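Protein chains in written order, with the working numbering: chain D, 6 to 186; chain G, -7 to 567.
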C-alpha cells in the first residue's frame, strides 16, 4: 500500500496533560507523526490539533480510532481526501552580507514572504504557505547559509461552509457553563 | 449543601456509587482518608500485604460481581505497586477505580518524599486518569470515574488525590449526570450492517461463532445461546470468553488458540463465515494472522471501534454493545440445520480429542484439575495463575456459567491468582472459589495468605507444584533444546508455610490421594491449601508453535519431532 501523508484534525478538551496523552499514544503505538500544531478553536474550552501522519490508509484509520478513544478528545477527522486549505508558517534566519542582501530580498519577494528583521550579517524572513512552498524557499536560501529555522507544522481546514463540528453537535460537545444541579 | 473535607466527599461519593469493599494499604498521603473511613461503616476496607494484591483483588472482585472494583494506595511506592494490577485490568477490560494519595499540592513536581507522577506513569494503562487539584471537583471526578470504568469497553480509571485536598473543605454535591463531551460510546449497531451480517449468516453453510469476554461483559449469554441454537452455529471461545456459552452444550467446541482444542482450531481454519463477538483477535487466539481463517468472511461485533480492523481484515464491521446487536440480529436469523458442518466438527472432535488425560503412574496436573471439576460438580469459580496451570485449568474443567473462570489473559500476570481469588470470594461469599496456582506464580503474591486469614476469606488453594516455571520450561524443551535456564525453582514447604500463616493444608503426591484431599478442603469451613506435587516435565498440548498458523496445531509429545528445535530458526512472531 502506498504511503501518503494524512492530515488529521482533532478537537480536544483544553485541560492540562491532553497533549501529553496524545503524544504518549503516538509513541507507544508506533505511529509516525510528522508534525503537530495546537491552538485555540472557535469553541471555548476546546483546542484544535492538526497532525500530519505518514502511513497507509489502514494504519491512519487505526490512529484516528485510537485517538478517538482518548476521553479528552471530542472529535477526530481525517480530512486528507477532502478539498482542504493547508498552511504552515516558518521563520527563517539567513546569513546576509551587503553583497547578498538584494538577491535574498528578490527571492523573498518572489515567494510573497516578508522580511521581519534585519541585522548586520543576517535577515529574518516570515513565510506562510503549503509545505512545498516553504521547502522550496528554504532550498533556495540554503546557499547563503541558514542560521535558524522555526516551523509551526501544518494547520488545515476544509473548504466550503461546514465546520469540523456541525452546528447541531456543538452544544453536546461542549461542557455546560455551570454544572447542572 | 454541606461543607465537608475532601476525604469525606470521597467517601460520600463512593457510597453513592454503591461501593461496598475497598482493598487498600495506608500511608502518609492517605492518612486523612483512612482517619475518615470509620465514619462510613458501609465501606469495608480490606488491608492487603502488598498493593499489587489490592489491585488484583479489586480485579477479581469486579469480574466475579460485575461491579466496579476499588483499590486504594498511598503515594510513591504505594501507587507504583498498583501499576501491574492496573495494566492487567486494562488489557482485560475490567471495571476498576484505583485511588492513590499524592503529596500535598505545593510539593508536586519537586521530587518530594514519596512523590511519583502516577498519572504520567499510568497514562498508557488506564482508560482515563485524574489528578484532583481541589476538593470542590472531587465529587464530579468520582462520578465520571465510575461511569468511565463501567461503561462502553470497561477499564481501570485512576484518581490521584493530594494529601491537602483530603483535608481541604468544600461543598459536597453529587452530580446526577456526567458531562463528557469526548466520550460517547456507540452502543447501537448500525441496522444496515446488522442486516448484512444476518444475510451472510443465513446463506452460510459453514458458519462459526468466536465468542470472547465482550459477551460476558455485555450480559449477552442468552442472546448468544439463541443465535447458536436457532441457526445451529458451532461456538468456540477465547480464553476469557470461556463460560459465556456452556461448555456442556453440544454446540460448544471449546477454546481456540495457542493452547486451544485442536478441533476448535480446525473449525476456524475451515469456516466460511466467522462471527466474532466481543473478542479482539489477540495473537494468542489467532496465531499467525496471515494464516488465520483463510476461507472465511469475517463479521466483527464489538463495542470498541478501534478493535475492528486492528489485527485482521473484517468484512462486516458492527460497532455496538453486544447484547443490543445480538437482539437485533437474532430477529433476522432463520432457523436452520447445518448437519454436514456439525458432523464434520464432531468427527474432528472424535479424531483429535484434546482433553484426554493419558495414563500415568505419577500424579498428572491435568488429573488434579479434572478431579476438582468432579468434586465441585463444575459449580466453582476457578481463579488461575498464568502458565501451564492456567492452560490446564482452562482445558480440563468445563465452565457453564460466565465469570466462573477468572484468569489474567491479556497481560498474563503471574501472582494474579491468590489476591484475585480473594477478591472473587469477597464478592461472592456464597460461591466456592478455588485458586489454581503454579509454584512460581504462587510465590509472587503469597503474602496475601495473611490477608485471607485476617479477613476470614475461605478460598481453597490448589498449588500445582512441579518445581519449575512450567510454561517457560516447556518452551525451553521445545525450542531451546532443553536448556533449562532459570526455570528450576524451589519453594518452601507449602504446607508448613500455610500453617505458619494460619491456614490448614495438605500435601498430595499420589493419584489416589487427590479426591480425598479436595473433599477435605471443601468440607473445611475456612481457607485450605493443597500442595499437589505433580509430574515435573509435563507439557501443555495441544500447542500451536510460535509463527505457525492455527491449522498447524501440535497434538502430542510424539509430534514434537516436527517442531523447530532451535530458537534461532523461529520465524518472527510475538514470543
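Note that beta-carbon positions come from the ideal geometry of N, C-alpha and C, so glycine has one too. Because the structure is a prediction, the values reported are computed rather than measured.
Exposed unless 16 or more other CB atoms sit within 10 angstroms - verdict on residue 572(G):
Since the displayed chain G opens at -7 and closes at 567, residue 572(G) lies outside it and no answer follows.
Sheet register partners of residue 311(G) (DSSP bridge):
Along the second chain, read from residue 1 onward, the residue named residue 311(G) stands at position 319. DSSP, once it has assigned bridges, lists 294(G) as partnering residue 311(G).
Note down the Cα distance separating residue 553(G) from residue 55(D), rounded to an integer number of angstroms.
Residue mapping note: residue 553(G) aligns to position 561 of the second chain, counting from 1. Residue mapping note: residue 55(D) aligns to position 50 of the first chain, counting from 1. Residue placement at residue 553(G) is poorly supported in this model, since its pLDDT is 44, which falls under 50; the coordinates still yield a value, given next. Each residue's alpha carbon lies about 55 Å from the other.
To the nearest angstrom, report how far apart residue 6(G) and residue 134(G) are at their CA atoms.
Position 14 of the second chain, counting from 1, holds the residue named residue 6(G). Position 142 of the second chain, counting from 1, holds the residue named residue 134(G). The alpha-carbon atoms of residue 6(G) and residue 134(G) are separated by roughly 7 Å.
Residues near residue 126(G) in its chain [Cβ-Cβ closer than 8 Å; skip 5 each side]:
Within the second chain, residue 126(G) is the residue found at index 134, counting from 1. Excluding positions up to five away in sequence, the list reads 157, 160, 162.
Using a Cβ distance threshold of 8 Å, determine whether the segment 357 to 376 of chain G contacts the segment 279 to 294 of chain G, with at least three qualifying pairs required.
no
Given this structure, state the Cα-to-Cα distance separating residue 136(G) from residue 170(G), to the nearest angstrom.
On the second chain, residue 136(G) is found 144 positions in, with the first residue counted as 1. On the second chain, residue 170(G) is found 178 positions in, with the first residue counted as 1. Answer to the nearest angstrom: the Cα atoms are 6 Å apart.
Contact list for residue 175(G) against chain D, beta-carbon separation under 8 Å:
Along the second chain, one-based indexing puts residue 175(G) at 183. Neighbours of residue 175(G) on chain D, chain order: 76.
Just the C-alpha distance for residue 290(G) and residue 220(G), rounded to the nearest angstrom, thanks.
As a working mapping, residue 290(G) is identified with position 298 in the second chain. As a working mapping, residue 220(G) is identified with position 228 in the second chain. Approximately 16 Å between the Cα atoms of the pair.
Please identify the residue among 144(D), 47(D), 131(D) whose C-alpha is closest to the C-alpha of residue 93(D).
Along the first chain, one-based indexing puts residue 93(D) at 88. That would be 131(D), whose Cα lies nearest to the Cα of residue 93(D).
For residue 452(G), which residues does DSSP report across the bridge?
Taking the first residue of the second chain as 1, we reach residue 452(G) at position 460. Partner(s): 426(G), 520(G).
If we define contact as Cβ-Cβ less than 8 Å, is residue 79(D) a contact residue for chain G?
Position 74 of the first chain, counting from 1, holds the residue named residue 79(D). Yes, residue 79(D) lies at the interface with chain G (some Cβ there is under 8 Å from its Cβ).
Put residue 149(D) into one of helix, strand or coil per three-state DSSP.
Here residue 149(D) corresponds to residue number 144 of the first chain, with the count starting at 1. It is helical.
Under three-state DSSP, which class holds residue 139(G)?
Residue numbering aside, residue 139(G) sits at position 147 when the second chain is read from its first letter. It is helical.
Rounded to the nearest angstrom, what separates residue 202(G) and residue 23(G) at their Cα positions?
Here residue 202(G) corresponds to residue number 210 of the second chain, with the count starting at 1. Here residue 23(G) corresponds to residue number 31 of the second chain, with the count starting at 1. Their Cα atoms are separated by approximately 48 Å.
Classify residue 357(G) as buried or exposed, calling it buried when 16 or more other Cβ atoms lie within 10 Å of its own Cβ.
Within the second chain, the letter at position 365 stands for residue 357(G). By the 10 Å Cβ count, residue 357(G) comes out buried.
Proximal chain G residues relative to residue 18(D), where beta-carbon distance stays under 8 Å:
Along the first chain, one-based indexing puts residue 18(D) at 13. Neighbours of residue 18(D) on chain G, chain order: 173, 174.
Name the residues in the segment 298 to 326 of chain G whose C-beta lies less than 9 Å from a C-beta of chain D; which are they?
298, 299, 300, 301, 302, 305
Cα-Cα, which of 138(D), 95(D), 164(D), 108(D) is closest to residue 155(D)?
Reading the first chain from its first residue, position 150 is the one you call residue 155(D). Minimum Cα distance to residue 155(D) is reached at 95(D).
With DSSP collapsed to three states, give me the class of residue 182(D).
As a first step, residue 182(D) must be located in the first chain, where it is residue number 177. Low per-residue confidence applies at residue 182(D): pLDDT is 45, beneath 50, and the placement is therefore not dependable enough to give any value.
Who pairs with residue 100(D) in a beta bridge, going by DSSP?
Here residue 100(D) refers to the residue found at position 95 of the first chain. DSSP output for residue 100(D) lists 127(D) as bridge partner(s).
Run the CB neighbour count on residue 167(D), radius 10 Å, all protein chains shown included, and call it buried at 16 or more, exposed below.
Numbered from 1 along the first chain, position 162 holds the residue referred to as residue 167(D). Residue 167(D) is exposed by the Cβ-count criterion.
Tell me whether the segment 495 to 511 of chain G and the segment 247 to 256 of chain G touch, counting them as touching only if at least three CB pairs, one residue from each stretch, are closer than 8 Å.
no
Presumed contact (8 Å Cβ cut-off) between residue 30(D) and residue 75(D), rounded CB distance:
Here residue 30(D) refers to the residue found at position 25 when the first chain is read from its first residue. Here residue 75(D) refers to the residue found at position 70 when the first chain is read from its first residue. The pair is a contact, with the Cβ atoms about 7 Å apart (cut-off 8 Å).
Beta-carbon proximity check, residue 60(G) vs residue 142(G), cutoff 8 Å
Here the question's residue 60(G) lines up with position 68 in the second chain. Here the question's residue 142(G) lines up with position 150 in the second chain. Yes, the pair counts as a contact, with Cβ atoms nearer than the cut-off.
Can you pull the chain G residues whose beta carbon is under 9 Å from the beta carbon of residue 37(D), in chain order?
The sequence position of residue 37(D) within the first chain is 32, counting from 1. Within 9 Å Cβ-Cβ: nothing; residue 37(D) doesn't reach chain G, min ~17 Å.
Given a threshold of 16 other Cβ atoms within 10 Å of its Cβ, counted over all protein chains shown, does residue 492(G) qualify as buried or as exposed?
Residue numbering aside, residue 492(G) sits at position 500 when the second chain is read from its first letter. With fewer than 16 other Cβ atoms within 10 Å, it is exposed.
Given residue 447(G), which residues of its chain have a CB within under 7 Å of its CB, disregarding the five upstream and five downstream residues?
Looking up residue 447(G) in the second chain gives position 455. Closer than 7 Å at the Cβ level, and outside the excluded window around residue 447(G), lie 38.
With DSSP as the reference, identify every bridge partner of residue 152(G), one or two as the case may be.
Counting from 1 along the second chain, the entry for residue 152(G) is found at position 160. In DSSP, residue 152(G) forms a bridge with 92(G), 123(G).
Cβ-based contacts, 8 Å cut-off: residues of the segment 23 to 37 of chain D near chain G
25, 26, 29, 30, 33
Using Cβ-Cβ distances below 8 Å, what residues of the segment 57 to 70 of chain D are close to chain G?
63, 66, 67, 70
Considering only residues of the segment 172 to 258 of chain G, which uninterrupted alpha helix (DSSP H) runs meet the minimum length of 4 residues and lie entirely inside it, listed in chain order?
183 to 195, 205 to 210, 213 to 222
Start-to-end residues for the alpha helix (DSSP H) that takes in residue 468(G):
As a position in the second chain, residue 468(G) is number 476, starting the count at 1. Per DSSP, residue 468(G) belongs to the alpha helix (DSSP H) from 462 to 471.
Residues near residue 68(G) by beta carbon distance below 7 Å, same chain, minus five either side
Working through the second chain from its first residue, we reach residue 68(G) at position 76. For residue 68(G), where only same-chain residues beyond five positions count, the Cβ hits under 7 Å are 106, 107, 108.
Should the segment 77 to 93 of chain D be regarded as contacting the segment 113 to 120 of chain D, the criterion being three or more beta carbon pairs within less than 8 Å?
no
What's the C-alpha gap between residue 504(G) and residue 363(G)?
As a first step, residue 504(G) must be located in the second chain, where it is residue number 512. As a first step, residue 363(G) must be located in the second chain, where it is residue number 371. Cα-Cα distance, rounded: 11 Å.
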